[in-house]
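Following: one structure in structure tokens, then a few remarks.
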Amino acid sequence: MPRSWKRTVLAVLLGAVAVGGVVQPASADIAPAANPPGWSPPSSLVTPLNQVWSHQESTYGNLYGFRNYGWDQVFANGGYLNFCVRWDSPAPVSASLRDRIHAKLAEQYKKWVDLVVGHNNWPYATVPIKVVGWAVRDRAQLQWSDNSVDIYVNNIRENAPQCAEPCGRFFVRDGVYRNCPGGVARHYDQSLWLTAGMGGGAGGDWGQRMGSEYFVNSLNSNDVTILLHEIGHTFGLDDFYDWTPSGVSGFIMKAGSAPNITEFDAWMFRDWWRHLKSRYGR
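Counting in the working numbering, the sequence shown tops out at residue 277, every number present.
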């Protein structure tokens, strides 16, 4: 399984979803308070969960050997994640907009992490999300003068601004970051890559990518559907373009079929933790 192991395109339907051609209301968020302490999925989900895991085992040759899932990153840091924002857009960014982007990213990540808090020996009550850097083509686009984040100007990779590679986990796997000016504290585990005019999204161990306009326009939304879907990929969850597990229909990892995390998504997420937790001594 290559390092950039999962990329996807996602069609977004906000507030309602089309399933089988019928528009249905968005499902309720999953309440973290309901998390059971061990592995006890609803009986109706046992078969589809087993189908999903079997499919992943038969599809990905390095499923268990890959060592840079979101899970690995959280444990390597001892319970937090750092981010770089790749601002792949000519639009200006005020300090206020910057802070709202940071807050929305942390809020959406929490929706996933809360699903394992108190579950099956997961050790962290929270996983703080901190943005440590912004990458941009022109410094004048960033309309602030404080030093709350490192700023990288016109460092281009994949035809987009890139934070310093010596500070990125995708490029440095030993956790030391010897050539990162800020050291471990200023390293970044993932990138939030916001690209002007992009439709859909992509995600993997390197982070999440989507349209900059889409993300900014979603700042007042409870669920940033594309971001939530792509975070799922960062933690290993699969796409379902050509098949659907038995007895389930709309869920966020089946692109375009649900706008938020459903019960089935939650249990797929917990199933990943169940299968990987032994590598962290849990």
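Idealized CB from N, CA, C, for every residue including glycine.
In the segment 205 to 268, which residue ranges form an unbroken alpha helix (DSSP H) of at least 4 residues, counting only runs that do not cross its ends? Qualifying alpha helix (DSSP H) stretches, in chain order: 207 to 212 and 220 to 229.
Exposure of Glu153, with buried meaning 16 or more beta-carbon neighbours within 10 Å: Counting from 1 along the sequence shown, the entry for residue 153 is found at position 158. Exposed is the call here.
With DSSP as the reference, label Tyr104 as helix, strand or coil. As a first step, residue 104 is located in the sequence shown; it is residue number 109 there, counting from the start. Assigned with DSSP and collapsed to three states, Tyr104 falls in helix.
Selected residue, minimal CA-CA separation from Gly202, among Ser35, Asn45 and Tyr64: Walking along the sequence shown from the start, residue 202 turns up at place 207. Checking every option, the nearest Cα to that of Gly202 belongs to Tyr64.
Grab the span of the beta strand (DSSP E) containing Asn77 for me, first residue to last. Locating residue 77 in the sequence shown gives position 82, counting from the first residue. It spans Leu76 to Asp83 - the beta strand (DSSP E) in which Asn77 sits, taken as one unbroken run.
Cβ atoms of Arg204 and Trp188: under 9 Å apart, would you say? By 1-based counting over the sequence shown, the position of residue 188 is 193. By 1-based counting over the sequence shown, the position of residue 204 is 209. A contact, by the Cβ cut-off of 9 Å.
Would you list the one or two residues that DSSP bridges to Thr286? The requested residue 286 does not occur in the structure, where the chain is confined to residues -4 to 277.
Comparing alpha-carbon positions, which option in Trp262, Gly206 and Asn72 lies nearest Asp109? For the purposes of this step, residue 109 is taken as the residue at position 114 of the sequence shown. With distances taken between Cα atoms, Asp109 lies closest to Trp262.
Where does Trp117 land, buried or exposed, given buried means 16+ other C-beta within 10 angstroms? Along the sequence shown, one-based indexing puts residue 117 at 122. It is buried - the Cβ of Trp117 has at least 16 other Cβ atoms within 10 Å.
Considering only the alpha carbon of each residue, which of Leu137, Ser216, Gly163 and Gly231 lies closest to Asn57? As a first step, residue 57 is located in the sequence shown; it is residue number 62 there, counting from the start. It is Gly231 whose Cα lies nearest to the Cα of Asn57.
DSSP has Thr54 in a bridge; who is on the other side? On the sequence shown, position 59 is the one that residue 54 refers to. Beta-bridge pairing links Thr54 to no other residue.
Give me the Cα-Cα distance between Met(-4) and Asp233, rounded to the nearest whole angstrom. To locate residue -4, count along the sequence shown from 1; it is residue 1. To locate residue 233, count along the sequence shown from 1; it is residue 238. Residue placement at Met(-4) is flagged as unreliable, the pLDDT there being 37, under the threshold of 50; a coordinate-derived value is accordingly withheld.
Alpha carbon to alpha carbon, how far is Gly16 from Ser252? As a working mapping, residue 16 is identified with position 21 in the sequence shown. As a working mapping, residue 252 is identified with position 257 in the sequence shown. A caution first: Gly16 carries a pLDDT of 33, below 50, which makes its placement in the model unreliable, though a value can still be read off. Their Cα atoms are separated by approximately 10 Å.
Report buried or exposed for Arg274, applying the criterion of at least 16 other Cβ atoms within 10 angstroms of its Cβ. Counted from its first residue, the sequence shown places residue 274 at position 279. With fewer than 16 Cβ atoms within 10 Å of its Cβ, Arg274 is classed as exposed.
Can you name, in chain order, every residue of its own chain whose Cβ lies under 6 Å from the Cβ of Tyr119, other than the five neighbours on each side? Residue numbering aside, residue 119 sits at position 124 when the sequence shown is read from its first letter. Here the set comprises Gly74.
Compare the Cα-Cα distances from Val69 to each of Ile247, Cys158 and Asp184 and report the closest residue. For the purposes of this step, residue 69 is taken as residue 74 along the sequence shown, with counting starting at 1. Taking only the C-alpha atoms, the option nearest Val69 is Asp184.
In DSSP terms, what Asp145 is bridged to: On the sequence shown, position 150 is the one that residue 145 refers to. Asp145 is bridged to Gly128.
Name the DSSP beta bridge partners of Val112, please? On the sequence shown, residue 112 is found 117 positions in, with the first residue counted as 1. According to DSSP, Val112 bridges with nothing at all.
Using a Cβ-Cβ cut-off of 8 Å (strictly less than) and excluding sequence neighbours within five positions of Ala191, which residues of its own chain qualify? Against the sequence shown, residue 191 aligns to sequence position 196. Contacts found: Asp83, Ser84, Pro85, Ala86, Gly206, Ser207 and Glu208.
Check for me: the beta strand (DSSP E) holding Trp188 runs from which residue to which? Here residue 188 refers to the residue found at position 193 when the sequence shown is read from its first residue. Unbroken beta strand (DSSP E) run through Trp188: Gln185 to Thr190.
What is the rounded straight-line gap between the Cα of Gln46 and the Cα of Pro240? Taking the first residue of the sequence shown as position 1, residue 46 is located at position 51. Taking the first residue of the sequence shown as position 1, residue 240 is located at position 245. Distance from the CA atom of Gln46 to the CA atom of Pro240, rounded to whole angstroms, is 6 Å.
Return the chain-ordered list of same chain residues with a C-beta closer than 6 Å to the C-beta of Phe210, the five sequence neighbours on each side being excluded. Counting from 1 along the sequence shown, the entry for residue 210 is found at position 215. Taken in chain order, the residues that qualify are Leu189.
Leaving out five residues on either side along the sequence, give the residues of the same chain with a beta carbon under 6 Å from the beta carbon of Lys272. In the sequence shown, counting from the first residue as 1, residue 272 sits at position 277. For Lys272, where only same-chain residues beyond five positions count, there are no Cβ hits under 6 Å.
Closest Cα partner of Trp48 within the set Ala180, Asp266 and Tyr236: Residue 48 sits at position 53 when you count from the first residue of the sequence shown. The candidate whose alpha carbon is nearest that of Trp48 is Asp266.
Tell me whether Trp129 is buried or exposed, calling it buried when 16 or more other Cβ atoms sit within 10 Å of its Cβ. On the sequence shown, position 134 is the one that residue 129 refers to. Here Trp129 is buried. Its C-beta has 16 or more other C-beta atoms within 10 Å.
Please report how far the alpha carbon of His270 lies from the alpha carbon of Trp66, in whole angstroms. As a first step, residue 270 is located in the sequence shown; it is residue number 275 there, counting from the start. As a first step, residue 66 is located in the sequence shown; it is residue number 71 there, counting from the start. So the alpha carbons of these two residues sit roughly 11 Å apart.
Quick check: the Cα distance between Trp34 and Asn174, rounded to an integer number of angstroms? Against the sequence shown, residue 34 aligns to sequence position 39. Against the sequence shown, residue 174 aligns to sequence position 179. Distance between the alpha carbons of Trp34 and Asn174 is about 42 Å.
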